[in-house]
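Okay, structure first, notes after.
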Amino acid sequence: MSSPFYFRTLALFIVLAVGAACASPSTGPSMYELHGSAMGTSFVVKIVSNENKSESQVALQELVQAELALVDGLMSHYRPDSELSRFNRHAQTTPFVVSDETFAVLAEAARISDWTNGAFDITVGPLVEAWGFGVAPVDAPPSDALIEELRERLGFARLRLDPEARTVQKNAPRLEGDLSAIAKGYAVDRVAEALESAGFSRYMVEVGGEVRTAGYNQAEAPWQIAIERPDAGVRLLQTTVPLTNASMATSGDYRNFYEWKGERFSHTIDPRTGRPVNHALASVTVVSRMCMTADALATALLVLGPEDGYRFAVANDVASLMVVRQPDGSGFEYRSTPAFERVLSGGGVE
Numbered sequence: 548m549s550s551p552f553y554f555r556t557l558a559l560f561i562v563l564a565v566g567a568a569c570a571s572p573s574t575g576p577s578m579y580e581l582h583g584s585a586m587g588t589s590f591v592v593k594i595v596s597n598e599n600k601s602e603s604q605v606a607l608q609e610l611v612q613a614e615l616a617l618v619d620g621l622m623s624h625y626r627p628d629s630e631l632s633r634f635n636r637h638a639q640t641t642p643f644v645v646s647d648e649t650f651a652v653l654a655e656a657a658r659i660s661d662w663t664n665g666a667f668d669i670t671v672g673p674l675v676e677a678w679g680f681g682v683a684p685v686d687a688p689p690s691d692a693l694i695e696e697l698r699e700r701l702g703f704a705r706l707r708l709d710p711e712a713r714t715v716q717k718n719a720p721r722l723e724g725d726l727s728a729i730a731k732g733y734a735v736d737r738v739a740e741a742l743e744s745a746g747f748s749r750y751m752v753e754v755g756g757e758v759r760t761a762g763y764n765q766a767e768a769p770w771q772i773a774i775e776r777p778d779a780g781v782r783l784l785q786t787t788v789p790l791t792n793a794s795m796a797t798s799g800d801y802r803n804f805y806e807w808k809g810e811r812f813s814h815t816i817d818p819r820t821g822r823p824v825n826h827a828l829a830s831v832t833v834v835s836r837m838c839m840t841a842d843a844l845a846t847a848l849l850v851l852g853p854e855d856g857y858r859f860a861v862a863n864d865v866a867s868l869m870v871v872r873q874p875d876g877s878g879f880e881y882r883s884t885p886a887f888e889r890v891l892s893g894g895g896v897e
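Adding 547 to a residue's 1-based position in the sequence shown gives its number in the numbering used here.
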């Protein structure tokens, strides 16, 4: 894989209603734009301020990089020195103390896992590896016997979280965690909260396709975030979503996949079956207050599929847009929940 956090294909890119150049104080709010690489991907941060803070551009860049480096150092599945990797090597059933940051992500992962009846599961990593979407390539898909063997020792319910002691405990020594489907969303939240602590209330943070916004952009309008059409061959705009004080994440199956003897295998693994998802749902976009919630829910809904996923989203007032392939291959059907329609009309999220 080209990116250490590349568990699922993200399909967000940024469309801004204003230019990237900083405006002078006399012509209106200033825009500060930060770029860089972290967590095996790229990031863009745009900050609107009425004050002339150009002298702090370097400090802002360092602030953003520090937050992203913190999350990477704690939650990378690929770095042997990360806290997550040390937990995975802890092949014991005794409690393992983790940082406040890692515990917060584990707690949200547990909530989403319970909420979706196991459609989201951070212990699915060994199956991802077995299907060839992890660190090492594979020559062929795993056998049925291997799939069943791995399924028997996986499951988020096998992890016990103790908020008082801030520990996580395995009930099976070989159990491992993989936070790839939620950690980037959390990293976005960390950067956003750091900006707010620094006194900024108008910003857009994007890390590897995960987005969080606050306030209005330089044009005094909601940030315009575009969703890509789920086509492996080209990059085309599907729709644009106005966001303010909200986060957005998209999960899709159309860029990270392979074919074996005429059968197509997506990188998104259904924890309940141990196999890649096999349905007509091409991509799922979720809008939520917190980016790590949108991140995890987008994966969960993609696993649930076009019917169960849509029913879940409607029943739970999740703002979601689902793009479903037509059976004859002629195009896509778009299914938006009432909560997503509220977002499109400027209503925001609860």
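The beta carbon of each residue, even a glycine, is placed where N, CA and C say it ideally should be.
Predicted model, so just to flag it, every value in this text is computed and none were measured.
Self-check item: N- and C-terminal bounds of the beta strand (DSSP E) containing residue 799
Solution: Taking the first residue of the sequence shown as position 1, residue 799 is located at position 252. Where residue 799 is concerned, the enclosing beta strand (DSSP E) stretches over 794-799.
Self-check item: Counted within 10 angstroms of its Cβ, other Cβ atoms place residue 769 as buried (16 or more) or exposed
Solution: In the sequence shown, counting from the first residue as 1, residue 769 sits at position 222. Classification of residue 769: buried, given that the 10 Å Cβ count is 16 or more.
Quiz item: Does the beta-carbon of residue 736 have 16 or more other beta-carbons within 10 angstroms, so that it is buried, or is it exposed?
Solution: Residue numbering aside, residue 736 sits at position 189 when the sequence shown is read from its first letter. By the 10 Å Cβ count, residue 736 comes out buried.
Practice problem: Consult DSSP for residue 885 and reduce its assignment to one of helix, strand or coil. | Solution: As a position in the sequence shown, residue 885 is number 338, starting the count at 1. Residue 885 falls in the helix class under three-state DSSP.
Quiz item: In whole angstroms, what separates the C-alpha of residue 671 from that of residue 878?
Solution: As a position in the sequence shown, residue 671 is number 124, starting the count at 1. As a position in the sequence shown, residue 878 is number 331, starting the count at 1. Computed Cα separation, rounded: 31 Å.
Exercise. Would you give the residue range spanned by the alpha helix (DSSP H) that residue 604 belongs to?
Key: The residue labelled residue 604 in the question sits at position 57 within the sequence shown. Per DSSP, residue 604 belongs to the alpha helix (DSSP H) from 604-622.
Quiz item: Taking 7 Å as the CB-CB cut-off, is residue 800 touching chain D?
Solution: Checking the listed chains, one finds no chain D in this structure; it contains a single protein chain.
Quiz item: Helix, strand or coil: how does DSSP classify residue 772 here?
Solution: Stepping through the sequence shown from its first residue, residue 772 is reached at position 225. Strand.
Exercise. May I ask you to report which of helix, strand or coil DSSP gives residue 625?
Key: Residue mapping note: residue 625 aligns to position 78 of the sequence shown, counting from 1. Looking at residue 625 - three-state DSSP - the assignment turns out to be coil, as it is neither helix nor strand.
Quiz item: Where residue 882 and residue 659 are concerned, what is the direct C-alpha to C-alpha distance, given to the nearest angstrom?
Solution: For this step, residue 882 is matched to residue 335 along the sequence shown. For this step, residue 659 is matched to residue 112 along the sequence shown. Distance between the alpha carbons of residue 882 and residue 659: 22 Å.
Quiz prompt | Burial state of residue 582 (16 or more Cβ within 10 Å) | solution = Translated into positions along the sequence shown, residue 582 becomes position 35. So residue 582 ends up on the exposed side.
Practice problem: For residue 815, collect the residues of the same chain with a Cβ closer than 8 Å to its Cβ; drop the 5 residues on either side in sequence, then sort them by chain order. | Solution: Translated into the one-based positions of the sequence shown, residue 815 becomes position 268. Cβ within range, chain order: 555, 798, 800, 823, 824, 846, 849 and 850.
Exercise. Report the three-state DSSP secondary structure of residue 690 (helix, strand or coil).
Key: Reading the sequence shown from its first residue, position 143 is the one you call residue 690. Of the three classes helix, strand and coil, the one that applies to residue 690 here is coil, per DSSP.
Quiz item: For the stretch 751-765 against the stretch 705-712, are there 3 or more C-beta pairs whose distance is under 8 Å?
Solution: no
Self-check item: Beta-carbon proximity list for residue 629, same chain, < 7 Å, skipping 5 on both sides
Solution: Sequence index remark: in the sequence shown, residue 629 carries index 82 (1-based). Listed in chain order, the non-local C-beta contacts of residue 629 below 7 Å within the same chain comprise 620, 621, 622 and 623, local neighbours out to five positions each way being set aside.
Quiz item: Buried or exposed: where does residue 757 fall if 16 or more other Cβ atoms within 10 Å of its Cβ makes it buried?
Solution: Taking the sequence shown and counting its residues from 1, one reaches residue 757 at position 210. Classification for residue 757: buried.
Exercise. Would you kindly work out how many angstroms separate the C-alpha atoms of residue 783 and residue 830, rounded to a whole number?
Key: What you label residue 783 is simply residue 236 of the sequence shown in a count that begins at 1. What you label residue 830 is simply residue 283 of the sequence shown in a count that begins at 1. Because residue 783 carries a pLDDT of 48, less than 50, the predicted location of this residue cannot be relied on, and the following value inherits that uncertainty. Distance between the alpha carbons of residue 783 and residue 830 is about 14 Å.
Quiz item: CB-CB under 7 Å to residue 552, same chain, minus the five flanking residues each way: which ones, in chain order?
Solution: Residue numbering aside, residue 552 sits at position 5 when the sequence shown is read from its first letter. Unreliable placement is indicated for residue 552, whose pLDDT of 38 sits below 50; the coordinate value is still reported in the next sentence. The residues are 586, 587, 588, 727, 730, 731 and 755.
Exercise. Report yes if the CB atom of residue 749 is closer than 7 Å to the CB atom of residue 721, and no otherwise.
Key: Counted from its first residue, the sequence shown places residue 749 at position 202. Counted from its first residue, the sequence shown places residue 721 at position 174. In this structure, residue 721 does not lie closer than 7 Å to residue 749 by Cβ.
Quiz item: Apart from the five residues just before and just after residue 656, which ones in its own chain have a Cβ nearer than 6 Å to its Cβ?
Solution: Stepping through the sequence shown from its first residue, residue 656 is reached at position 109. In the same chain as residue 656, and ignoring 5 residues on each side of it, the C-beta atoms closer than 6 Å to its own belong to 669 and 729, in chain order.
Practice problem: List the residues that DSSP assigns as beta-bridge partners of residue 789. | Solution: Counting from one through the sequence shown, the residue named residue 789 turns up at place 242. Answer by DSSP bridge pairing, in chain order: 771.
Quiz prompt | Sequence-distant residues of its chain with Cβ nearer than 7 Å to residue 673 (five each side left out) | solution = Stepping through the sequence shown from its first residue, residue 673 is reached at position 126. Here residue 673 has 697, 701 and 723 as same chain residues with Cβ atoms under 7 Å from its own Cβ, once five neighbours each way along the sequence are excluded.
Quiz item: Who are the near neighbours of residue 751 in its chain, counting only those whose CB is closer than 6 Å to its CB and skipping five residues on each side?
Solution: For the purposes of this step, residue 751 is taken as the residue at position 204 of the sequence shown. Hits under 6 Å: 593, 760 and 770.
Exercise. Give a single yes or no on whether residue 857 has its beta carbon closer than 6 Å to a heavy atom of the ligand GTP.
Key: You won't find the ligand GTP in this model; it holds no ligand whatsoever.
Quiz item: What's the C-alpha gap between residue 852 and residue 826?
Solution: Within the sequence shown, residue 852 is the residue found at index 305, counting from 1. Within the sequence shown, residue 826 is the residue found at index 279, counting from 1. Cα to Cα, the separation comes out at about 6 Å.
Exercise. Count the other CB atoms, across all protein chains shown, that sit within 10 Å of the CB of residue 644; report buried if there are 16 or more and exposed otherwise.
Key: Residue 644 sits at position 97 when you count from the first residue of the sequence shown. The residue is exposed, with fewer than 16 neighbouring Cβ atoms inside 10 Å.
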